[in-house]
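Down below is the structure, laid out as structure tokens.
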Amino acid sequence: LQYMHLETYTEAKVSFKKAIKLLPPKTLKELYSQRYHALANLAEVYLYQNLPDSAAFYSQLAIVDALEQGAIRGASFSYWSLAESELLQNAPLKARESVKKGLALLQNEEVEDAHLFLCMTMMKVFDALEKPDSANIYKTEGEKFAESPNASDYAKLSFLEFLAKHSLAQRNVDEAYNMLN
Numbered sequence: 415l416q417y418m419h420l421e422t423y424t425e426a427k428v429s430f431k432k433a434i435k436l437l438p439p440k441t442l443k444e445l446y447s448q449r450y451h452a453l454a455n456l457a458e459v460y461l462y463q464n465l466p467d468s469a470a471f472y473s474q475l476a477i478v479d480a481l482e483q484g485a486i487r488g489a490s491f492s493y494w495s496l497a498e499s500e501l502l503q504n505a506p507l508k509a510r511e512s513v514k515k516g517l518a519l520l521q522n523e524e525v526e527d528a529h530l531f532l533c534m535t536m537m538k539v540f541d542a543l544e545k546p547d548s549a550n551i552y553k554t555e556g557e558k559f560a561e562s563p564n565a566s567d568y569a570k571l572s573f574l575e576f577l578a579k580h581s582l583a584q585r586n587v588d589e590a591y592n593m594l595n
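Those letters in the sequence shown? Residues 415 to 595, by this note's numbering.
Have a look at this one:
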């Protein structure tokens with residue numbers, strides 16, 4: 415993870431691939447790293463490198479592993495990375511379906527971080543489909559999750575940064591300025 419956050423992606427990929435080989439598909443230890451974690455993190459590295467085919471491949475593997483373990487949070491984040499890879503492939507309709515699957519998993523869960531990332535991606539989907547009213551629905555939904563004390567500071571900050579950039583892209587400078595202040 416540290417390699418990924420330091421943007422040394424070659425080292426991150428080597429480490430995650432090694433972890434995938436070492437970790438069993440399922441463990442009964444909740445606090446241990448799980449194989450789906452390594453698969454999802456590897457998918458994320460490929461997203462950062464703008465390699466959507468590889469990101470989609472590892473996201474799909476992570477979804478299967480996470481669902482087999484009943485890891486709703488892990489599966490929903492893997493649907494997020496799958497949707498992001500589909501957006502990179504200019505397939506917003508496929509991305510919308512992936513986000514919907516991730517959100518459906520979270521329907522009865524309090525996983526605000528995953529909700530926030532899925533809302534951001536759904537906004538991108540509707541921007542690509544040129545449906546600003548629909549994007550705004552997910553903006554409002556995300557704002558609710560960002561207010562929750564259960565959402566991590568990282569997720570909240572990511573959401574606010576995204577909203578500021580989104581507002582600037584939509585030429586709404588006043589809204590972007592207000593979000594940053």
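Note that CB positions come from ideal geometry on N, CA and C, so glycine has one too. Owing to the predicted nature of the structure, the values given are computational and were not obtained by experimental measurement.
Distance between LYS508 and MET537, taken at the CA atoms: about 14 Å. For PHE540, the closest alpha carbon among the candidates ALA497, VAL459 and TYR423 is that of ALA497.
With a minimum length of 4 residues, the unbroken runs of alpha helix (DSSP H) contained wholly in the stretch 428 to 479 fall at 449 to 462.
For GLU555, the secondary structure class from DSSP, reduced to helix, strand or coil, is helix. Going by beta carbons, SER490 and ALA549 fall outside the 7 Å limit. Around the beta carbon of THR424, fewer than 16 other beta carbons lie within 10 angstroms, which makes this residue exposed.
By the neighbour-count criterion, in which a residue is buried when 16 or more other Cβ atoms sit within 10 angstroms of its Cβ, GLU500 is buried.
Rounded to whole angstroms, the Cβ separation of LEU437 and SER447 is 6 Å, and the two are in contact under 8 Å.
For GLU544, the secondary structure class from DSSP, reduced to helix, strand or coil, is coil. Within the same chain, ALA426 and VAL459 come within 6 Å of MET418 by CB-CB distance, once the 5 residues on both sides are set aside.
Within its own chain, the residues whose Cβ lies closer than 7 Å to the Cβ of LEU502, once the five positions on either side in sequence are excluded, are ASN464 and PRO466, listed in chain order.
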